[in-house]
Amino acid sequence: MSRVGWIRLAIVLGAVGLLELLCQTGVIKTMTMIPPSRMAVELWKMAESGKLGAPVAKTLSNVLAAFVLSVALGFIAGLLIHSLPRFRRALDPLLASYYAVPFFVFYPVLIVIFGMSDLPIIIIGFLFGVVAMIINTLNGLDRIPPVLLKVGRMNRMGSLQTALLIKLPSAAPYLFTGVKLAVAYSFIGVIASEFILSGAGIGYDIAYAYNNFDNRTMYALMLFILTTVTAVNMALYIWEQRMLKRRMGGR
Amino acid sequence: MPAAPKTMRETHASVAGVTRIFPAVGGQPPVHALGPLDLDLAKGEFFAVVGPSGCGKSTLLEVLAGLSAPTEGTVTFEGRPVAGQVPDGVGVVFQEDASFPWLTVWDNVAFGLRRAGFEAAEIKRRVDYAVGFMGLADFAQAYPAQLSGGMRQRVCIARTLVLQPRLILLDEPFGALDQQTRLLMGDELLRLWRETGATVLLITHALDEAAMLSDRVGAMSARPGRFIDLVETGWPRDRDSRIVSDESFGRLTGHLWSLLREESMKASGHKR
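Taken in sequence, the protein lines are chains A and B. To convert, note that position 92 of the first sequence is 92 in this note's numbering; the numbers rise steadily by one, no gaps. To convert, note that position 223 of the second sequence is 474 in this note's numbering; the numbers rise steadily by one, no gaps.
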């Protein structure tokens, strides 16, 4: 691991250690928060008892569906919008102010249309993630050197081949930013929706534990979410760094 | 050096009465970039185009390659019209770095062959040869960012060569290189020209490069670009960069400059 990596690890471990100390010495009351070590033990117990399997499967499958839809449709929409400059000029201010819209106001509408199923949750997760992907796709496409597109024309490549073999890899660093945001927004959208819209899933279980003063379960599940999202983001970060290292000549 | 014998050779590519006018954009008036202009390229000829900045040299190349349609006039390659579509058998090396940063040198060179559907064994044979020919064998698995500017340009030349184009169009391919590297790259270019027998059109702003490499040099006027003279260099086919020490080389570049001096002043807004 690099020196920066060690410093990063030390910061995280230091913060966790401080929280442990504050909880163990009673500065933070047990009613407010349990120590991180206890959270880990409770999480392990839940995993062993099999209580964790069903909510995790439900939440992660919804997050995965929202994420895949956000990335795939966001990329395609980005390609289409990029190919229509006049339409894009009209759309740009709307995209820029998109995240000012409180999506959760659409819950009732989505429930009326799709019922109390996973679909409204996936749609909310998708709505959170898709525009980040569109905006980053547009950024990436704007920065493709025109000469690379000329190479595509010299090789008599069609629109689809050009999109997949030149535009996609050329814009990849920007698309990767969109992918990372789509992961984060999909988690946020799905878990927040489960809090108020679902009868199952990690979000629902956290809300249920909170309403029943079950701090141990609540913090164990929160720890699970935090470690999962961090692990996914770290994996994407490492992948991104490897890709950039190749492109930057190992600098 | 003895002069090359002048023989009547068949026309390989030609432009006739070609003009290129870029339409008005954002309140700016239309730009008459090129022509009217006529040119016949003989099969196997090495032709260089020189002219002041902005005279339409690159526009001429794009029209000839089929990357851009002429406003008026006709372009033909091997007797068939080029109507704004890249014909089979034409390869272009661009001025800018056109290597794909996400592919290794080997995969960059193989890119066009894979798109054209060649078999794996044939791709390997051609790519290995081209990578070796361009002196890139030790860097076949390197990424473009790990190479110098000159080596990246060689990758782009190799990627064009493996397709065995019959007409090679080069748009200031050595523009970003130092003088010594340009001379050496010029030698390599002459070597591959002799080996492939392809027709070459080279766009360059360097008079010495044009004088050293080509059989004929077309000197262009300031915009809208037209040929003000076509100069025969008279070099033998088996030449290399050592001709720069030939006394007739100095006379040739001097003649080209005398043709272009006034046009260059016009292009840069200077008065005599």
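For glycine and all other residues, C-beta sits at the position ideal for the given N, C-alpha and C.
**Q.** Environment of B:Val413 [buried if 16+ CB atoms lie within 10 Å]
**A.** Counting of Cβ neighbours within 10 angstroms places B:Val413 among the buried residues, the total reaching 16 or more.
Q) Once you ignore the five residues that flank B:Thr226 on each side, which residues in its own chain have a CB closer than 8 Å to its CB? A) Residue 226 of chain B lies beyond the stretch modelled for chain B, which goes from 252 to 523, so this question has no answer here.
Q: Could you work out which residues of chain B lie near A:Ala172, taking near to mean beta carbons separated by less than 8 Å?
A: Neighbours of A:Ala172 across chain B, judged by C-beta separation under 8 Å: Trp353.
Q) Looking at C-alpha atoms only, which residue of A:Lys150, A:Met39, A:Thr25 and A:Ser159 is the closest neighbour of A:Met218? A) Cα-wise, what sits closest to A:Met218 is A:Met39.
Q. At a cut of 8 Å, does the segment 167-183 of chain A reach the segment 344-360 of chain B through at least three beta carbon pairs?
A. Touching, yes, given that three or more Cβ pairs across the two stretches are closer than 8 Å.
(Q) One question on the structure: do A:Ala182 and A:Gly129 come within less than 8 Å of each other, judged by their Cβ atoms? (A) At a Cβ-Cβ threshold of 8 Å, A:Ala182 and A:Gly129 count as neighbours.
Q. From B:Pro256 to B:Ala293, what distance separates their C-alpha atoms?
A. Low confidence applies here, because B:Pro256 scores a pLDDT of 45, under 50, leaving its location unreliable; read the following figure in that light. If I take the Cα positions, the gap works out to 14 Å.
Q: Please compile the residues from chain E whose C-beta is within a distance smaller than 8 Å of the C-beta of A:Leu148.
A: Annotation note: the requested chain E is absent from the structure, which comprises protein chains A and B.
Q) Listed from N- to C-terminal order along the chain, which residues in the segment 362-383 of chain B have their beta-carbon within a distance smaller than 8 Å of any beta-carbon of chain A? A) Contacts with chain A (Cβ-Cβ distance below 8 Å) from the segment 362-383 of chain B involve Phe362, Gly363, Arg366 and Ala367, listed in chain order.
Q | CA-to-CA distance, A:Gly201 to A:Leu43, given in whole angstroms | A | If you take the alpha carbons of A:Leu43 and A:Gly201, they lie about 15 Å apart.
Q. Quick one: what does DSSP say B:Arg493 is sitting in, helix, strand or coil?
A. Looking at B:Arg493 - three-state DSSP - the assignment turns out to be helix.
Q.
For B:Leu428, report the span of its beta strand (DSSP E) as first-last.
A. Per DSSP, B:Leu428 is not a residue of any beta strand (DSSP E), being assigned neither H nor E.
Q: Identify, in the order they occur along the chain, each residue of the same chain with its Cβ nearer than 6 Å to the Cβ of A:Tyr174, setting aside the five sequence neighbours on each side.
A: Answer for A:Tyr174: Asn136, Asn139 and Gly140, listed in chain order.
Q. Tell me which same chain residues have a C-beta within less than 7 Å of the C-beta of A:Lys180, skipping the five on either side of it?
A. Excluding residues within five positions, the ones whose Cβ falls inside 7 Å are Asn233 and Leu236.
Q) Exposed or buried, which one is A:Thr30 when buried takes at least 16 other CB atoms within 10 Å? A) Result: exposed.
Q) Which partner residues does B:Leu481 have in the DSSP bridge list? A) DSSP output for B:Leu481 lists B:Gly469 as bridge partner(s).
Q. Which runs of the alpha helix (DSSP H), 4 residues or longer, sit entirely within the segment 158-199 of chain A?
A. Counting whole runs of 4 or more residues, the segment 158-199 of chain A contains the alpha helix (DSSP H) stretches 159-162 and 172-197.
Q. For B:Met436, which residues from the same chain have a beta carbon less than 6 Å from its beta carbon, with the 5 sequence-adjacent residues on both sides left out?
A. Listed in chain order, the non-local C-beta contacts of B:Met436 below 6 Å within the same chain comprise Phe425, local neighbours out to five positions each way being set aside.
Q: Look at the Cβ atom of B:Glu313, then the Cβ atom of B:Ser304, and state whether they are nearer than 8 Å.
A: Remark: C-beta atoms of B:Glu313 and B:Ser304 do not approach each other more closely than 8 Å.
Q | Contact check, B:Asp420 vs B:Val333, beta carbons under 8 Å | A | It is Leu, not Asp, that sits at residue 420 of chain B in the sequence shown. Judged by their CB atoms, B:Leu420 and B:Val333 are not nearer to each other than the 8 Å cut-off.
Q: Using beta-carbon positions only, say whether A:Met248 and B:Ala427 come within less than 8 Å of one another.
A: No, Cβ-Cβ distance for A:Met248 and B:Ala427 is not below 8 Å.
Q. For B:Gly233, which three-state DSSP category applies?
A. This structure cannot settle anything about residue 233 of chain B, because the visible part of chain B is limited to 252 through 523.
Q. At what residues does the alpha helix (DSSP H) containing A:Val274 begin and finish?
A. In this structure chain A extends from 1 to 251, so residue 274 of chain A is not present and cannot be described.
Q. Would B:Phe390 count as contacting chain A if we go by Cβ distances under 8 Å?
A. With 8 Å as the cut-off, B:Phe390 does not count as an interface residue toward chain A.
Q. Are the beta-carbon atoms belonging to B:Leu364 and B:Arg377 less than 8 Å from one another?
A. Yes.
Q: Please classify B:Pro287: does DSSP put it in a helix, a strand, or coil?
A: B:Pro287: strand per DSSP, three-state reduction.
**Q.** Test item: CB-CB of B:Ser496 and B:Phe297 under 8 Å
**A.** Not a contact, by the Cβ cut-off of 8 Å.
**Q.** Local Cβ density within 10 Å of A:Phe274, reported as buried at 16 or more and exposed below that
**A.** Outside the shown range of chain A, which is 1 to 251, sits residue 274 of chain A, and nothing can be said about it.
Q: Starting from A:Asn155, find everything on chain B with Cβ-Cβ shorter than 9 Å and list it in chain order.
A: The contacting residues are Val337, Phe362, Gly363, Arg366, Ala367 and Leu414.
Q: Can you tell me which of the three DSSP states A:Ile11 falls into?
A: Helix at A:Ile11.
Q) Alpha carbon to alpha carbon, how far is B:Gly520 from B:Asp348? A) About 30 Å.
(Q) I want to see whether chain B comes within less than 8 Å of A:Arg246, judged by CB atoms only; does it? (A) Interface residue, yes.
Q.
Give me the chain A residues within the contact set of B:Gly318, using Cβ-Cβ distance strictly less than 7 Å, ordered along the chain.
A. The sequence given here places Leu at residue 318 of chain B; Gly does not occur at that position. Chain order gives the chain A residues near B:Leu318 as Lys150 and Arg153, where near means a beta carbon separation below 7 Å.
Q. Quick one: what does DSSP say A:Gly250 is sitting in, helix, strand or coil?
A. Since pLDDT at A:Gly250 reaches only 48, below the 50 mark, its modelled position is unreliable, and the value read off the structure follows with that caveat. Correct three-state label for A:Gly250: coil.
Q.
Which of the three DSSP states is assigned to A:His82 in this structure?
A. Helix at A:His82.
Q.
Quick check on the burial criterion: 16 or more other C-beta atoms within 10 angstroms. Buried or exposed for B:Val276?
A. Counting Cβ neighbours within 10 Å, B:Val276 comes out exposed, since fewer than 16 surround it.
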